[in-house]
Structure formats: C-alpha cells, structure tokens
Amino acid sequence: MIVTCRDLAARLTELEEGVGSAVERASLRFHLSICARCRRYVAELDRLKGLLTDLGREQDPVVPMSAEAAPDPAVARALSTFRAWKTGESSPDDD
Amino acid sequence: MHPEDALVVRGLLARDEAVFEALVRQLHGKLVAVARRLLGEHEAAEDVAQETWRRVLSSIATFEGKSRLASWIVQIAKNRAKTRLERRKREILIGDEGLDPTATWFDGFGQWRSSPAAWDTPESSLEHERQKQLLADALLTLPARQRVVVTLRDVEGMDAATASETLGISQENQRVLLHRGRAALRDAVAAAMRARPS
Ligand SMILES: [Zn+2]
C-alpha cells in the first residue's frame with residue numbers, strides 16, 4: 191500500500207485511535223519513518239494538542255480575548271438568584 | 011482548603027452579597043466562554059453560567075476544598091454544558107461537517123505544497139500565552155460540529171468512544187470532524203504567526 195503525504199495527514203486520527211488493519215497502520219508508520227515533512231506535521235499537531243489541553247485547565251481556563259467581563263445584566267441576574275437563595279425562596283434546580 | 015477560598019466560602023455561607031458579587035464578576039465571563047465552546051450560541055452559554063451560580067449557592071456547603079474554588083465552579087459549568095449538549099445536540103450540532111482545510115495542502119501527487127514548519131516552542135511564556143489565546147479565539151470560529159468534537163477530545167480530554175456516544179455520531183464521523191477541526195486550527199495559528207513579524 192503506497193501512502194502519500196495527503197493519506198498520512200488524512201489518516202493520522204485513525205493511527206492515533208488504533209483503528210485500521212495492522213498492515214495499514216504499518217504503512218502509515220513506514221511513511222512517517224521516511225518523510226521528514228510529515229514528521230514535522232505530526233510535531234506541529236502534537237504541539238497544537240498540547241496547547242488545546244492547556245485551554246481546558248480548570249482553575250484558570252484560557253478564554254477568547256473577545257470574552258467580556260461580566261456585563262451588568264448578567265451580574266444582576268446572578269444577584270437576584272443570590273437574593274432568592276438568601277431568603278430561602280430559591281427555586282429548586284431545574285434538573 | 012486554600013485560605014483565600016476559605017474566606018470566600020465563609021462569606022457565602024454568611025449570605026454576604028458583596029462576596030458573591032465579587033465572585034461573579036471574577037468568573038462569570040470565563041463560565042460563559044467555557045460553555046460557548048460546547049454550545050456555541052451566546053444565550054445558551056449565558057443560561058449555563060446562570061444555572062452554575064444557582065448550583066454554586068445551593069451546594070456551597072458541600073465544597074470540601076479538594077480543588078480550588080474556581081476549579082470547582084468551572085467544573086460545574088462544564089458539566090452543565092455537557093448535559094445541555096447531550097439533551098439538545100440536534101439544535102447545537104447544526105450544519106455539515108465543514109470544509110476539509112487539508113484539501114489545499116497537497117499537490118496532485120499528494121505531496122505537501124509547502125513544508126510544515128515545526129512550530130518553535132515559544133521562548134517566552136508571554137508568547138505561549140498568546141498562542142493559547144489565539145487558539146481559544148480560533149476554536150469559536152470553527153463549524154459547530156468541528157468545534158464541539160475538538161473541544162471534547164482535545165480540550166476536555168474525552169476519549170473517542172465517549173465523545174462519539176455523547177454526540178450520537180459514528181466514531182468514523184468523529185475522526186473526520188476531529189481531523190478537520192485540528193487542521194483548521196493549525197491553519198489559523200500558522201496564519202496568525204505569519205501575519206506577525208517575529
Ligand atoms: Zn509525507
């Protein structure tokens with residue numbers, strides 16, 4: 191099976207998830223072993239995945255620059271929830 | 011429990027509105043942004059953030075401080091966003107799979123038109139932050155299906171089988187969406203780095 195760079199890029203997620211026949215996976219790995227460009231692509235993707243993982247860090251998630259500070263209506267809505275909770279009139283959770 | 015968190019928790023348990031308001035001002039924007047990755051539409055994400063505050067208040071007495079308070083709150087928002095995604099996936103997973111960005115990467119022989127350039131590990135942490143910021147923005151510009159799959163798999167670390175099941179799509183379709191979404195993000199980051207003289 192001849193693997194082109196296009197095939198490699200298209201099937202990288204299969205390789206990652208361990209899908210496909212042993213022969214197919216071996217062909218993809220062989221292509222990687224002889225193709226420096228595809229190896230660089232894999233390195234790029236690894237770095238991309240690392241950055242995406244960082245976005246999810248729970249304590250301080252990275253959010254878009256466009257994310258605004260809480261607008262006043264949103265704060266007001268949360269505060270009315272707070273007041274209902276404070277006086278014990280909190281509506282039960284809607285689930 | 012972290013001492014700062016302990017102060018906030020004590021304030022909330024004492025029904026101190028100023029403490030709550032400060033917490034909302036600090037975190038609300040983040041909760042909305044985190045929910046938007048899964049839900050897209052701003053209003054749905056805003057609803058999830060508001061539900062999160064209600065849940066924070068009703069269960070603050072059970073917060074044990076095993077993680078930081080902010081993590082605990084963000085986690086509540088993520089869980090609620092996931093639940094909403096599962097319930098309303100037909101409204102959220104709108105549109106088709108989106109274009110395959112890799113279509114333009116290769117010539118007629120299936121060879122790279124231009125060589126991938128291994129991204130340098132940024133020298134400064136400032137540059138590292140900039141790249142992450144850029145990705146956070148680019149993620150929201152992806153077609154809905156790509157955005158959701160990349161978020162579940164690469165941002166939230168969900169495995170392929172669970173992600174496919176959550177979204178009610180085949181694993182094969184999940185792979186196509188993941189591949190296209192990552193490729194689009196790669197193009198977005200590469201374009202932004204080219205646009206900026208280093
Ligand atoms: Zn190659």
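Protein sequences, first through last, are from chains A and B.
Per our numbering, the first sequence starts with residue 191, numbered consecutively.
Per our numbering, the second sequence starts with residue 11, numbered consecutively.
C-beta atoms are modelled at their ideal positions from N, C-alpha and C, and glycine is treated no differently.
Bear in mind the structure is a predicted one, so any value in this text is a computation, not a measurement.
- Contacts with chain A at 7 Å (Cβ-Cβ) include residue 112/B.
- Residue side-chain check: residue 198/A places its Cβ nearer than 6 Å to a non-hydrogen atom of ligand 1.
- When 162/B, 32/B, 198/B are compared, the shortest CA-CA separation from residue 266/A is found for 32/B.
- Secondary-structure assignment with DSSP links residue 122/B through a beta bridge to 116/B.
- In the structure shown, the three-state DSSP call for residue 72/B is helix.
- The Cβ-Cβ distance between residue 278/A and residue 166/B does not fall below 7 Å.
- In terms of beta-carbon proximity, residue 125/B lines the interface with chain A, with at least one pair separated by less than 7 Å.
- The beta carbons of residue 91/B and residue 48/B sit about 4 Å from each other, so the pair counts as a contact at 8 Å.
- Straight across, the Cα-Cα distance linking residue 125/B with residue 194/B is about 17 Å.
- Chain-order list of chain B residues neighbouring residue 207/A: 170, 181, 185, by C-beta distance under 8 Å.
- About 16 Å separates the Cβ atoms of residue 199/B and residue 136/B, ruling out a contact at the 8 Å cut-off.
- In this structure, the straight-line span from the alpha carbon of residue 202/A to that of residue 214/A is close to 11 Å.
- By the rule that beta-carbons nearer than 7 Å mark a contact, residue 67/B touches chain A.
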